[in-house]
Amino acid sequence: MSLPAPSGSARPHPSRLRSTATRLASVVLLAAGAGLVTVSTAAPATAASMSDVVPAPASVRPDSGTTYTLGPDARVLTEPGSAPAAGVGAYLAGILRRSTGYALPVAPAPSGTPASGVSLLLTGADPSVGDQGYQLDVTASAVVIRARTGAGLFNGVQTLRQLLPPRIESATVGPGPWTVPGGRIVDHPRFGYRGAMLDVARHFHPAGTVKRYIDRIALYKINYLHLHLSDDQGWRIALDARPRLAAYGGSTQVGGGSGGYYTKAEYQDLVAYAAQRYVTIVPEIDMPGHTNAALASYAELNCDGVAPPLYTGTDVGFSSLCTSKESTYTFVKDVLTELAAITPGPYLHIGGDEAHATSPAQYAAFVNRVQPMVAGAGKTVMGWHQIGAAAVDHSPGRVAQYWGTTTSDSQVSTAVSRGAKVVLSPANRAYLDMKYTSSTTLGQDWAGYVEVRTAYDWNPGSYLRGVPSSAVLGVEAPLWTETIVTEDDIEYMAFPRLPAIAELGWSPWSTHGWDAFRRRLAAQGPRWDVMGIGFYRSPQVPWA
Ligand code: ACM
0 MSLPAPSGSA RPHPSRLRST ATRLASVVLL AAGAGLVTVS TAAPATAASM
50 SDVVPAPASV RPDSGTTYTL GPDARVLTEP GSAPAAGVGA YLAGILRRST
100 GYALPVAPAP SGTPASGVSL LLTGADPSVG DQGYQLDVTA SAVVIRARTG
150 AGLFNGVQTL RQLLPPRIES ATVGPGPWTV PGGRIVDHPR FGYRGAMLDV
200 ARHFHPAGTV KRYIDRIALY KINYLHLHLS DDQGWRIALD ARPRLAAYGG
250 STQVGGGSGG YYTKAEYQDL VAYAAQRYVT IVPEIDMPGH TNAALASYAE
300 LNCDGVAPPL YTGTDVGFSS LCTSKESTYT FVKDVLTELA AITPGPYLHI
350 GGDEAHATSP AQYAAFVNRV QPMVAGAGKT VMGWHQIGAA AVDHSPGRVA
400 QYWGTTTSDS QVSTAVSRGA KVVLSPANRA YLDMKYTSST TLGQDWAGYV
450 EVRTAYDWNP GSYLRGVPSS AVLGVEAPLW TETIVTEDDI EYMAFPRLPA
500 IAELGWSPWS THGWDAFRRR LAAQGPRWDV MGIGFYRSPQ VPWA
């Protein structure tokens, strides 16, 4: 497997250019005031610390007397005969080459003691790393990452990036030194599912934006990207069985405008791009509500046989597939079967939220017909937690995604008592579209304001009554896009809250602590500046 270089940022953004210029100017002024003649770049080549990694690793043992320096002759050496290790090696070299300008050849590791450079090996890791963790050793002569899988090596590489100076993330060559602090990290995730969701239905976000978001979430060891592919305002995936869904149902978005959709080839390319970054795509077709785009595209899906007009507002709960018509089920089966065939991941998300135009009995009848279709397509059901309603059957392995604002919910505890797993996305904690404060211009506030500490300071393992840690598959940070139009909007809402949710999913609870977290978060700021991420400079975080 070979990995293409990370997708570059496509557009300069005026506010970013302005902030970089301001920073440059102040550096020059400071230098002049000190009587120095210095040419400065925006981010200093400050060394990173082993205690600054986000998400916090399970175990960190710094060796403060030791530093490794990546030099021009360094190589990336990978487990002999392993395509995944070679793939992760090519990915790492691609990142390091951009800022160091070094050749960084990737080659199979010689047997015996790891040589100088960066080695990615599939032998010798501490058994505690499991199938997603890694062990990272930094000595004066070498960096060695050991894991049991490509995913583990990939996660170790994300940690290594954070141990290098922030300028390592630059898209252009700059001066070193490229130092890595010495010591050992042994690390593994608390939960197997660490997700982000992007609503590409309310406002369509093109594949390039999604790829860059995948690069962003992978930095923080998030391993699932849930794509909300359909809603009242748009249908975003072309399917051969029902071409009008995308061609007509995808032709607009919130506020009007031309919308858009992914061709099957684009979707498959996204899936592959994500897989190369050990991110699994979870596609969602939201049903039976949130379906105006489908109802507008095919009249037969409406109980009265009349297609409504396309919708570009932001109301919810007014639409429903006709649950009493057989043609609805033919439609759903066609859609799920075709989507499953281009989705290698285990889950199909069937939505199920806010079906206010459907009676509880109709809702249960609908979901009870649809869940076996997901299983029939070889996939596991995921749905918003309303699928946990007592009248809805359990289906093996199904996952209820909690999006409520309370810490007790009977639909979730009922689902769990029947064997369901839970992904936690409490809206007043994990929704990235909530405003940070009353003065945030983007976003919504129906679940409250979500400052960084609110996003961080809760325990997914004990959050919901009747949902023990053993029933928690993980966490997910959804970003709904009623008000989110551009890639800059996405980044502003995601950073720094996305890393907070990522840490809840990855780090052992024993590492949890707001004061340490906000200091580690502050150390990420210079990295985001170098990457051009226009993040929210929360006053709760002691940014440098
Ligand atoms: C949701 O926010 N309606 C899942």
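Counting in numbering that gives the first Met the number 0, the sequence shown runs without a single skipped number right up to 543 at its last residue.
Heads up, the beta-carbon is just placed ideally off N, CA and C, and yes, glycines get one too.
Assigned exposure category for residue i - 16 Cβ within 10 Å defines buried
i	result
T357	buried
C321	buried
D130	exposed
P359	exposed
D314	exposed
N367	exposed
N458	exposed
Backbone CA spacing between residue i and residue j [nearest angstrom]
i	j	result
D514	P61	20 Å
Y535	A306	42 Å
Q443	M433	5 Å
S509	R452	17 Å
V369	G316	20 Å
V334	A102	47 Å
V59	R235	43 Å
A240	Y362	25 Å
A92	P507	30 Å
V471	E353	23 Å
R96	V156	14 Å
H393	A364	13 Å
R570	V380	Residue numbering for the chain in the displayed model covers 0 to 543; residue 570 lies beyond these limits and cannot be assessed.
S326	R243	16 Å
A124	S412	38 Å
G70	V185	25 Å
M554	Y219	This structure cannot settle anything about residue 554, because the visible part of the chain is limited to 0 through 543.
F516	S319	43 Å
E557	T336	Here the chain has residues from 0 to 543 only, and residue 557 is not among them.
G175	A271	33 Å
Beta strand (DSSP E) segment containing residue i, residue limits
i	result
Q134	Y133 to V137
E475	V471 to L478
L224	Y223 to H227
W177	W177 to D186
Y401	V398 to Y401
L61	In the sequence as presented, Leu is not what sits at residue 61; that position holds Pro. Looking at the DSSP string, the run of the beta strand (DSSP E) that includes P61 is S58 to L69.
K420	K420 to L423
Where the alpha helix (DSSP H) containing residue i begins and where it ends
i	result
E486	E486 to A493
T329	E325 to A340
T208	A206 to L218
S98	A82 to T99
R517	W513 to M530
T158	G149 to L162
Any non-hydrogen atom of ligand 1 within 7 Å of residue i CB
i	result
W383	yes
W544	Nothing can be reported for residue 544: it is not among the residues displayed for the chain, which extend from 0 to 543.
D352	yes
A356	no
A426	yes
W544	This structure leaves residue 544 out entirely; the chain is present only between 0 and 543.
W402	yes
Selected residue, minimal CA-CA separation from residue i, among the options
i	options	result
P498	V466, A454 and G350	A454
G207	S140, A89, P79 and Y260	Y260
T77	P56, T66, Y67 and P109	P109
P287	R276, C302, V278 and Y133	C302
I94	G149, T436, V179 and V172	V172
T104	G111, V87 and Y297	Per the sequence shown, residue 104 should be read as Pro rather than Thr. Looking at the Cα atoms, V87 is the closest of the given residues.
P165	S98, Y462 and G80	S98
Y310	T327, P343, P345 and S250	S250
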